[in-house]
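Under the UniProt record's numbering, the first residue of the sequence shown is numbered 1, with each subsequent residue one higher.
Glycine included, C-beta positions come from ideal geometry on N, C-alpha and C.
No experiment lies behind these values; they were computed from the predicted model shown.
Some notes on the structure that comes next.
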Amino acid sequence: MMMLDWTRRAACLDLDPELFFPITMEGPGRSQVEQAKTVCRGCPVREPCLAYALSTRQAYGVWGGTDPDQRRELSPTAARRPETVPAQPLRGDR
Numbered sequence: 001m002m003m004l005d006w007t008r009r010a011a012c013l014d015l016d017p018e019l020f021f022p023i024t025m026e027g028p029g030r031s032q033v034e035q036a037k038t039v040c041r042g043c044p045v046r047e048p049c050l051a052y053a054l055s056t057r058q059a060y061g062v063w064g065g066t067d068p069d070q071r072r073e074l075s076p077t078a079a080r081r082p083e084t085v086p087a088q089p090l091r092g093d094r
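Shown next, in the form of structure tokens:
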């Protein structure tokens, strides 16, 4: 697989990838996610990393300083999901 140019400048390049892909987001995994996000905060390619994760719909791991829940909120399709559209109040007069 060809390496994307921006990945060669990533702060995580020489770190253990497991840091960015915890088994769970709860308990010890939460601490791991925070450690990964700390690495991302100082990364010179944080924005292209996040853009890549959003465009390829990365469902797991920390990308561009975001966890999966944060990326779902940022996703352009999030606004179109039916569950995010508020229900219309029912009218008593039918």
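Beta-carbon proximity check, residue i vs residue j, cutoff 9 Å
| i | j | result |
| --- | --- | --- |
| L50 | L74 | yes |
| F21 | Y60 | yes |
| L19 | Q32 | yes |
| K37 | D67 | yes |
Residues near residue i in its chain [Cβ-Cβ closer than 8 Å; skip 5 each side]
| i | result |
| --- | --- |
| R9 | P44, V45 |
| G29 | P22, I23 |
| V85 | Confidence is the limiting factor: at V85 the pLDDT is only 48, short of 50, which leaves the residue's position unreliable and the question unanswerable from this model. |
Sheet register partners of residue i (DSSP bridge)
| i | result |
| --- | --- |
| T66 | W63 |
Contacts around residue i, its chain only, beta-carbon distance under 7 Å, and the 5 residues preceding and following it disregarded
| i | result |
| --- | --- |
| V62 | F20, V33, A36, K37, C40 |
| G42 | A11 |
Residue i, enclosing alpha helix (DSSP H) - first and last residue
| i | result |
| --- | --- |
| A51 | 46 to 55 |
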